[in-house]
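K.L.:
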Amino acid sequence: MDVAQQAGWLIRRNPHYLLTYPSNLNALLDQFEKRGSFPPALRQVRTIGETLSADTRERCRQSGGIEVVDMYSSQEVGIIALQCPVSGLYHVQSESLLVEGLNDDGQPCKPGEVGRIVITDLHNFATPIIRYEIRDYAEVGPACPCGRGLQTLARIMGRRRNMVVFPNGERHWPLLGAYRFREVVTIKQYQAIQYALDDIEVKLVVEHPLSSEHEARLTAIIHNALGYAFPLRFSYFDQELPKTQGGKFEEFVSLIR
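Count the sequence shown with our numbering and you get residues 25 to 281, in order.
1) On the DSSP bridge assignment, give the partners of residue 45 in chain order.
2) Using alpha carbons as the reference points, say which of 43, 165, 256, 171 lies closest to residue 141.
3) Look at the Cβ atom of residue 227, then the Cβ atom of residue 215, and state whether they are nearer than 8 Å.
4) Are at least three pairs of beta-carbons, each pair with one atom in the region 148 to 164 and one in the region 236 to 251, less than 8 Å apart?
5) Which residues bound the beta strand (DSSP E) around residue 87?
6) Is residue 192 buried or exposed, if buried means 16 or more other CB atoms sit within 10 Å of its CB?
7) Taking only three categories from DSSP, how would you classify residue 203?
8) Using only the alpha-carbon positions, how far apart do residue 25 and residue 49 sit?
9) Residue 184: which of 197, 111, 173 sits nearest, CA to CA?
10) Using the rule of at least 16 other Cβ atoms within 10 Å of the residue's Cβ for burial, across every protein chain shown, is residue 173 buried or exposed?
11) Any contact of the region 193 to 212 with the region 94 to 108, i.e. 3+ C-beta pairs under 8 Å?
12) Count the CB pairs spanning the region 42 to 61 and the region 75 to 95 that are closer than 8 Å, and state whether there are at least three.
13) Residue 269: buried (16+ other C-beta within 10 angstroms of its C-beta) or exposed?
14) Quick one: give me the first and last residue of the beta strand (DSSP E) that residue 159 is part of.
15) Quick check on the DSSP output: the alpha helix (DSSP H) that includes residue 115 runs from which residue to which?
16) If you run the structure through DSSP and keep just helix, strand and coil, what is residue 67?
17) Between the Cα of residue 77 and those of 259, 124, 203, spot the shortest distance and give me the residue it belongs to.
18) Classify residue 227 as helix, strand or coil using the three-state DSSP reduction.
19) Just grab the DSSP bridge partners of residue 220 for me.
20) In the structure shown, what three-state DSSP assignment does residue 25 receive?
21) State the start and end residues of the unbroken alpha helix (DSSP H) segment that holds residue 240.
22) Which residues share a DSSP beta bridge with residue 91?
23) Please check the pair residue 52 and residue 70, which I expect to be a contact at CB under 8 Å, by giving their CB distance rounded to whole angstroms.
24) Quick one, are the C-beta atoms of residue 254 and residue 280 less than 8 Å apart?
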């Protein structure tokens with residue numbers, strides 16, 4: 025059963041909501057746009073399991089007028105935080121988890137700061153998880169205006185391996201400008217892998233390899249989004265790109281230690 029068939033089955037079970045991975049959502053959006061319409065009763069998409077990019081969220085909003093509600097989770101402890109319908113902040117599930125955002129010195133992050141996520145599971149009596157670093161980074165959020173009073177996270181950034189490394193040694197979570205790729209050519213799936221400071225491979229799943237003109241236009245979009253003119257090389261595939269052993273898909277991976 026492919027992604028479109030899975031989505032059709034899920035929507036038939038509950039026509040108003042769709043729960044899926046962000047990478048699957050992009051494939052579904054391709055199908056909906058090709059068909060020229062979205063499922064008429066669909067009111068909300070909920071994503072889980074992978075980092076949701078701003079590009080994917082905006083594409084869903086503009087293409088179908090549908091908002092995405094993201095859920096932050098891990099295999100070790102399940103649901104960690106849920107997006108608030110009022111503010112868009114992520115409410116930590118504080119009834120069952122203690123979630124800390126720590127800076128490089130091991131001190132608690134202030135609202136607006138990005139830190140390592142450390143978790144203590146309060147209800148696991150078989151294998152206690154105490155101050156367990158799940159290797160994710162997130163931005164600590166302020167008090168939510170909705171009044172629920174729960175701790176918040178503002179953004180889920182991803183893992184250190186998902187950060188682009190700049191020549192001056194700085195690391196940032198990259199935006200590739202993927203939403204604008206469709207201005208150039210139809211791309212089913214993409215992934216960028218940074219092997220070295222001067223070597224980023226851009227893998228594209230497309231029906232046909234791109235022309236040199238299309239490659240140049242995509243390069244300009246990516247350079248503008250990254251804020252730096254990294255050397256890029258394009259590779260083409262006709263099959264879905266592999267996921268991690270945990271079943272997740274990563275749009276950007278840096279192999280620089």
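Each residue gets a CB set at the ideal place from its N, CA and C atoms; glycine is no exception. Owing to the predicted nature of the structure, the values given are computational and were not obtained by experimental measurement.
P.N.:
Put simply:
1) As a working note, residue 45 is residue 21 in the sequence shown. None, per the DSSP bridge assignment.
2) Position 117 of the sequence shown, counting from 1, holds the residue named residue 141. By alpha-carbon distance to residue 141, the top candidate from 43, 165, 256, 171 is 165.
3) Taking the sequence shown and counting its residues from 1, the one referred to as residue 227 is at position 203. Taking the sequence shown and counting its residues from 1, the one referred to as residue 215 is at position 191. Yes, they are a contact pair.
4) no
5) Along the sequence shown, one-based indexing puts residue 87 at 63. Note, residue 87: premise wrong, no beta strand (DSSP E); alpha helix (DSSP H) at 78 to 88.
6) The residue labelled residue 192 in the question sits at position 168 within the sequence shown. Residue 192 is exposed by the Cβ-count criterion.
7) As a working note, residue 203 is residue 179 in the sequence shown. Helix, per DSSP.
8) Looking up residue 25 in the sequence shown gives position 1. Looking up residue 49 in the sequence shown gives position 25. The predicted position of residue 25 is uncertain, since its pLDDT is 46 and thus under 50; a value taken from the coordinates is nonetheless stated next. Using only the alpha carbons, I get a separation of about 15 Å.
9) Here residue 184 refers to the residue found at position 160 when the sequence shown is read from its first residue. Distances from the alpha-carbon of residue 184 to those of 197, 111, 173 put 197 closest.
10) Here residue 173 refers to the residue found at position 149 of the sequence shown. It is exposed - the Cβ of residue 173 has fewer than 16 other Cβ atoms within 10 Å.
11) Too few Cβ pairs lie closer than 8 Å, so no.
12) yes
13) On the sequence shown, residue 269 is found 245 positions in, with the first residue counted as 1. Exposed, because fewer than 16 other Cβ atoms sit within 10 Å of the Cβ of residue 269.
14) Position 135 of the sequence shown, counting from 1, holds the residue named residue 159. Looking at the DSSP string, the run of the beta strand (DSSP E) that includes residue 159 is 156 to 164.
15) Taking the sequence shown and counting its residues from 1, the one referred to as residue 115 is at position 91. Secondary structure note for residue 115: it is in no alpha helix (DSSP H), and the uninterrupted beta strand (DSSP E) holding it is 114 to 116.
16) Numbered from 1 along the sequence shown, position 43 holds the residue referred to as residue 67. Of the three classes helix, strand and coil, the one that applies to residue 67 here is coil, per DSSP.
17) Residue mapping note: residue 77 aligns to position 53 of the sequence shown, counting from 1. Cα-wise, what sits closest to residue 77 is 203.
18) Reading the sequence shown from its first residue, position 203 is the one you call residue 227. Strand, per DSSP.
19) One-based indexing of the sequence shown puts residue 220 at position 196. For residue 220, which the question treats as bridged, DSSP gives the partners 223.
20) On the sequence shown, position 1 is the one that residue 25 refers to. With a pLDDT of only 46 at residue 25, under the threshold of 50, the placement of this residue in the model should not be trusted; the figure read from the coordinates follows. In the structure shown, residue 25 sits in coil (DSSP, three-state: anything other than H, G, I, E or B).
21) The residue labelled residue 240 in the question sits at position 216 within the sequence shown. Looking at the DSSP string, the run of the alpha helix (DSSP H) that includes residue 240 is 236 to 250.
22) In the sequence shown, residue 91 corresponds to position 67, counting from 1. DSSP lists 68 as partners of residue 91.
23) Position 28 of the sequence shown holds residue 52. Position 46 of the sequence shown holds residue 70. Under the criterion of beta carbons closer than 8 Å, residue 52 and residue 70 do not qualify as touching, at roughly 13 Å.
24) The residue you call residue 254 lines up with position 230 of the sequence shown. The residue you call residue 280 lines up with position 256 of the sequence shown. Not in contact: residue 254 and residue 280 (Cβ atoms no closer than 8 Å).
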